[in-house]
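Data first, discussion second: the structure below is written as structure tokens.
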Amino acid sequence: MIAINRSSILTWLQEDDPFRLEELWREADRVRQAGVGDEVFFRGLVEISNHCRRNCTYCGIRAGRTGLPRYRLTQDEILECARQSAAFGYGTVVLQAGEDPELTADFIGRVTARIRQETGQAVTLSLGERTDGELRAFRQAGANRYLLRFETSDPALFRRIHPPLAGAGRNRIEMLHRLRALGFETGSGIMVGIPGQSWTSLAEDILLFARLDLDMIGIGPYLPHPDTPLGRRAAKNAAIRTPEQVPATPLMTCKAVALARLACPLANIPATSALESLDPEHGRESGLRRGANIIMPDLTPPACRPLYSIYPGKAGLAEDLEQTGARLQAMVQKLGRRIGTGPGASPNWCRRTGVTPG
Ligand code: 5AD
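Counted from 1, the sequence shown has number 1254 at position 313 by my numbering; the numbering is strictly sequential.
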């Protein structure tokens, strides 16, 4: 047993002996199996728009980035991606976008209802900070889940990398509570290694996962994007690494995933594309072996995929959808795990709402 408290989390985050880390990996894998089982669920990710009104300093689709062609999929294009996801046997579609004002409650409500009716899949939304009215409309239309990473639990760091938007935008923690109250399976997450992220703040992030009683947790490494203010600064300061700075490495990301699993045994946790992008050979696999149970293959139409450039070097850009799916399925089987069927609701959400899993 590994206890989850501030000091044990800090100790594990700073542990670099591969033999001792084996204990963390073993324990995360054991808790994953006991909590969510051996099934790995696939979610079809559709990046429906790269328009964004925000200026997050790390993100490659920020409003201030000029020269990036912007796109927005039509209802029919989104439906086509959802059918593709169903044809691959996936039980969930994830609709993700920048904070695009044209993606109104009406637009999202209609496309969500159509996906639910026509394909029977669960729908996860990841559309940034939204009003309570919009969230209610999404839920009424049949959306099952919502993802909103809090990115960091350190309020000063959060403010530095998220310039506020006059008259709009909201407190993400408060929004996560609203999502929960509205009945959504509620997901959040962080980036590991944001410039200015300290060990204690990363430890606090993991404790916050548990306090929020999250149903889904996404954790990826921070990847500097050269066309962003933070990415340019990170490149200039590459040689200066203070002892307090958490490194944005695959190993550190895996430690955060493993500790998140110990903190939230029943949550759905993806092996993220950002982790795969940083470590194309082993990223996804090491995530799955160290606490994760979800994979989100990118089903965005190939012409749009490179334009959804939140970070550089996104994995899988060169592959077609069938290739990616086949490669990921083979990897799951090699690990001795099964591919999940059906919507794969979060066991944590099932527990807290009294819904029978399955
Ligand atoms: N590096 C890594 N992750 C990023 N995200 C956005 N920009 C980057 C980046 N440069 C992540 C954020 C966001 C999610 C959709 O993608 O955590 O919540």
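All C-beta atoms in this analysis are idealised placements derived from N, C-alpha and C, irrespective of residue type, glycine included.
In this structure, the C-beta of Glu-1092 approaches the ligand 5AD to less than 7 Å from one of its heavy atoms. The ligand 5AD never approaches His-992 closely enough for any of its heavy atoms to be under 7 Å from the residue's Cβ.
Remark: three or more beta-carbon pairs, one from each stretch, lie closer than 8 Å, so the region 983-1001 and the region 1162-1172 are flagged as touching. When the beta-carbon positions are compared, Leu-1076 and Ser-990 stay at least 8 Å from each other. Burial is judged here by how many other beta carbons sit within 10 angstroms of a residue's own beta carbon; Pro-959 has fewer than 16 and is exposed. In this structure, the ligand 5AD has no non-hydrogen atom nearer than 7 Å to the beta-carbon of Met-1193. Contact check for Leu-1143 against Ala-1084 fails: the beta carbons are separated by 8 Å or more.
If you look at Ala-1063, you'll find it in the beta strand (DSSP E) that goes 1063-1067. Residue Ala-969 holds the alpha-carbon nearest to the alpha-carbon of Asn-1234 among Ala-944, Ala-969 and Leu-962. In this structure the region 1003-1014 does not touch the region 964-978; the number of beta carbon pairs closer than 8 Å is below three.
Judged by DSSP secondary structure, Val-1198 falls within the alpha helix (DSSP H) whose first and last residues are 1191-1204. Judged by pairs of C-beta atoms under 8 Å, the region 1058-1069 touches the region 1034-1048, as three or more such pairs exist. Rounded to the nearest whole angstrom, the C-alpha separation of Leu-986 and Thr-1241 is 7 Å. By the beta-carbon neighbour count (other beta carbons within 10 angstroms, threshold 16), Asn-1178 is exposed. For Met-1132, the enclosing beta strand (DSSP E) starts and ends at 1126-1133. Taking C-beta separations shorter than 7 Å and ignoring five residues to either side along the sequence, the partners of Ala-1201 in its chain run Ile-1147, Phe-1150, Ile-1158, Ile-1160, Ile-1210 and Gly-1232, following chain order. Between the ligand 5AD and Tyr-1249, a heavy atom-to-CB distance of less than 7 Å is absent.
Using a Cβ-Cβ distance cut-off of 8 Å, the region 1048-1059 and the region 1015-1024 are in contact, since at least three pairs of beta carbons, one from each stretch, lie closer than that value. Of the residues assessed, Val-1187 falls on the buried side of the cut-off, its CB having 16 or more other CB atoms within 10 angstroms.
Distances from the CB of Ala-1215 to the heavy atoms of the ligand 5AD include at least one below 7 Å.
Around the Cβ of Gln-1138, a 10 Å sphere holds 16 or more other Cβ atoms; the residue is buried. In the structure shown, Val-1187 adopts coil according to DSSP, grouped into three states. Nearest to Pro-1238 by alpha-carbon distance, out of Pro-1247, Leu-1248, Glu-1263 and Leu-1219, is Glu-1263.
In this chain, Met-1272 is not harboured by any beta strand (DSSP E); it is covered by the alpha helix (DSSP H) spanning 1262-1275.
Taking each of Pro-1104, Arg-1152, Thr-1297 and Arg-1113 in turn and checking the Cα distance to Leu-1089, the smallest one comes out for Arg-1113. Sequence-distant Cβ neighbours of Leu-1120 in its own chain, meaning closer than 6 Å and more than five residues away, are Tyr-1087 and Thr-1127.
Gly-1277 is classed as exposed because its beta carbon has fewer than 16 other beta carbons within 10 Å across all chains shown. The three-state reading of DSSP puts Gly-1172 in helix, counting H, G and I together. Under the three-state reduction of DSSP output, Asp-1239 falls in the strand class. Residue pairing for Gln-1058: DSSP places it in no beta bridge. Here the C-alpha atom of Ile-1236 lies approximately 23 Å from the C-alpha atom of Leu-1153.
Approximately 23 Å separates the beta-carbon atoms of Phe-1079 and Ile-1131; this is outside 8 Å, ruling out the contact.
Inclusion of Arg-1279 and Glu-980 in the CB contact set at 8 Å is warranted, their separation being smaller than that value. Boundaries for Arg-1003: no beta strand (DSSP E) harbours it, and the DSSP string shows neither H nor E there.
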